[in-house]
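Residue numbers (our numbering), protein chains in the order written: chain A, 331 to 690; chain B, 8 to 113.
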C-alpha cells in the first residue's frame, strides 16, 4: 500500500522510537498553505558536525507517489540492517553488513520524504494529475488550475525565466498562475515548502550531496538543467547578466559553466547510481544532464549546486534528480520494484560519494 | 471520485528532437516531470499527457504529421484503481508498529 500523508509522518515517529540512537527528527519552520508541518529524519550514529551528510528529498511533485515511500523504506532498511548487523539486498543489487555500517556510521542522511504533503493528499484523494502545492489561487483568478505552485520551479535559481533566458529558449516554466503544471510562483522561494528545503541546506552545511527523487523516467539527472554544460568558459554562467538574452538555447556555443572536475564527479556518481539501480532487475535508468529537450529554471537540483557559486562560503552540494519508474502511480507491486531500484541507487551514492568527490 | 476529464498517457515519437520540440511547442502538452526524451530505432520519443479534448487537438495540430502518437494508458482510470492501494488510516499510529523496508536483510 502507498503511504498516505499521515502515515509518512507517523512512520518517521515510529522509526525514531524504535531506533532512538541513530535517528533524530527535525521540523522545518514553515507550515504548508493547508497548515501541515513536515519533518526530516536524520539517520546516522555520528553527531551532525562530525561527518558529511546527504539530503534526500521526496514528494515535491504531488502526483509522483513512489518517492516518499521509497525514502521511508530505505530509512527503515538502513536502521533495521544496522541494528541487526545484516546486509541489504534489492534484487541482484546487494550491500554487505560492513557497507551498511559504513553508510550509517560515516554519514548523516537527512530523509525529507514528503516535501509537499498538501499536494500529495490532494493527488491521492481528488485529482490524479495534481503536480503543484496548494497555494490558494490569486485574487481574481478562478478555476481549479489557478491553485498551486510548481515547487520545482520556485527555487532561487534563474527563477525569473522571462528575464533570464532567450525568448526562444522555450523554458519549461510558466509565469501564469493558472498554468496547471509549471507555474513558478509569485516570487523566488515564495512557497513554504521551498523554504523548508532551503532551511535544511542552510541549517546543515555538512550536506555535500542532494538527491531529489521524482518520477517518471527512468533517468538519473545531474546538473545543469538551465543550459547545456560547458567546462571551458567560466564567465558563461547563471550569474552573468550579459547572457540573459541568449541563455537556454541548444547548440549555440554558449552553455552553463561546470568545472571539469565537478562534471566528472557528477557523471561518475550518477553512473554508480545507475549501475546499482540496474542491478535490481535490469532496468537501465540512463545518465544525462538535466537539460533535456528544454531548459528549466528554479529547480531544486540546480539551486542546491548553485549555492556555492553565489556564496563562496556555502558548501558545494553535488545534486541529482532521480526520475524513478516509468509512470506516476503504478500498481504497488510494481512500485515495490521501483522502490528497490531507488534504494539501491541511493546506497551506491553514499558508498561511492567520498572517493568520487574527493578533491572536487 | 474525480470530476475531472480523464487524462491519457501517450507515447509520442518523432524522427528527431527538432520535430518533437515543434510538436510540443505547438500543443503545449504536459511532458511529465521533465522533458527527457529517449532515442530509439523509431526516432526520439517521450510520454505526454492529454485530456481527450487536448488529444483530439494534438492529433489535428499542424505539426501532428511529424509525430506518431500511441495511446498507452488512461491515467485517470488507473488512478481510480490505485486509490484503493493508498493507506486508508494510519498503519503506524501505534508507535509499536515499525515500518519495514523492502530490502532483504541478509
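A virtual CB, placed ideally from N, CA and C, is assigned to each residue, including glycine. Computed from a prediction, not measured in an experiment: that's the story for all the values here.
| message | Taking a contact to mean a Cβ-Cβ separation below 8 Å, would you say residue 486 (chain A) touches residue 518 (chain A) in this structure? | response | Taking C-beta atoms as the reference points, residue 486 (chain A) and residue 518 (chain A) count as a pair closer than 8 Å.
| request: To the nearest angstrom, report how far apart residue 8 (chain B) and residue 333 (chain A) are at their CA atoms. | output: For residue 8 (chain B), the predicted structure reports a pLDDT of 46, less than 50, and the residue's modelled location is therefore unreliable. The matter cannot be settled from this model.
| field | CB of residue 479 (chain A) within 8 Å of CB of residue 465 (chain A), strictly | value | Taking 8 Å as the Cβ cut-off, residue 479 (chain A) and residue 465 (chain A) qualify as a contacting pair.
| For residue 638 (chain A), the first and last residue of its enclosing alpha helix (DSSP H) | Counted as a single uninterrupted DSSP element, the alpha helix (DSSP H) harbouring residue 638 (chain A) occupies residues 630 to 640.
| query | Where do the N-terminal and C-terminal ends of the beta strand (DSSP E) with residue 384 (chain A) fall, by residue? | reply | Taken as a continuous stretch (DSSP letters only), the beta strand (DSSP E) holding residue 384 (chain A) covers 383 to 388.
| query | Using the beta-carbon count (16 or more within 10 Å), is residue 634 (chain A) buried or exposed? | reply | So residue 634 (chain A) ends up on the buried side.
| field | According to DSSP, residues forming a beta bridge with residue 540 (chain A) | value | Bridge partners of residue 540 (chain A): A:385, A:649.
| Status (buried if at least 16 other CB within 10 Å, exposed otherwise) for residue 624 (chain A) | Residue 624 (chain A) is buried by the Cβ-count criterion.
| query | Just to confirm, are residue 458 (chain A) and residue 83 (chain B) a CB contact at a threshold of 8 Å? | reply | Annotated as proximal: residue 458 (chain A) and residue 83 (chain B), with beta-carbon spacing under 8 Å.
| Going along chain B, which residues have a C-beta under 8 Å from residue 391 (chain A)? | By Cβ distance, chain B contributes 40.
| message | For a contact defined as C-beta to C-beta under 7 Å, what are the partners of residue 93 (chain B) on chain A? | response | Neighbours of residue 93 (chain B) across chain A, judged by C-beta separation under 7 Å: 331, 332, 334, 454.
| task | To the nearest angstrom, report how far apart residue 63 (chain B) and residue 76 (chain B) are at their CA atoms. | result | In a straight line, the C-alpha of residue 63 (chain B) is about 11 Å away from that of residue 76 (chain B).
| Unbroken alpha helix (DSSP H) runs of length 4 or more, entirely within the segment 514 to 600 of chain A: which are they? | Here the runs fully enclosed are 522 to 533.
| said: Quick check: what's the CA-CA separation for residue 686 (chain A) versus residue 597 (chain A)? | reply: Each residue's alpha carbon lies about 10 Å from the other.
| said: Just to confirm before moving on: does the CB-CB distance between residue 105 (chain B) and residue 344 (chain A) stay below 8 Å? | reply: Contact flag set, yes.
| query | Could you check where the alpha helix (DSSP H) with residue 339 (chain A) kicks off and where it finishes? | reply | Looking at the DSSP string, the run of the alpha helix (DSSP H) that includes residue 339 (chain A) is 335 to 348.
| Just how far apart, CA to CA, sit residue 646 (chain A) and residue 65 (chain B)? | When rounded, the distance between both Cα atoms is 43 Å.
| query | Between residue 493 (chain A) and residue 544 (chain A), what straight-line distance do the alpha-carbon atoms span, to the nearest angstrom? | reply | Going by the C-alpha atoms only, they are around 27 Å apart.
| Residues of its chain near residue 660 (chain A), where Cβ-Cβ distance is below 8 Å and the 5 sequence neighbours each way are ignored | Around residue 660 (chain A): 396, 668.
| request: Please report how far the alpha carbon of residue 404 (chain A) lies from the alpha carbon of residue 110 (chain B), in whole angstroms. | output: Per the coordinates, the alpha-carbon of residue 404 (chain A) lies some 8 Å from the alpha-carbon of residue 110 (chain B).
| message | Strictly below 7 Å CB to CB, what residues from chain A border residue 106 (chain B)? | response | At a C-beta separation below 7 Å, residue 106 (chain B) has these neighbours in chain A: 341, 344, 345, 402, 406.
| query | For the alpha helix (DSSP H) that residue 82 (chain B) lies in, which residues bound it at each end? | reply | 82 to 89 is the span of the alpha helix (DSSP H), which, as asked, contains residue 82 (chain B).
| task | Taking the CB atoms as reference points, tell me whether residue 680 (chain A) and residue 437 (chain A) lie closer together than 8 Å. | result | A contact, by the Cβ cut-off of 8 Å.
| task | Spell out whether any CB of chain A is found under 8 Å from the CB atom of residue 83 (chain B). | result | Residue 83 (chain B) counts as touching chain A.
| Residue nearest to residue 350 (chain A) in terms of C-alpha spacing, selected from A:373, A:340, A:362 | Among A:373, A:340, A:362, the Cα nearest to that of residue 350 (chain A) belongs to A:373.
| query | Taking DSSP as the reference, what is the three-state secondary structure of residue 21 (chain B)? | reply | Three-state DSSP puts residue 21 (chain B) in a strand.
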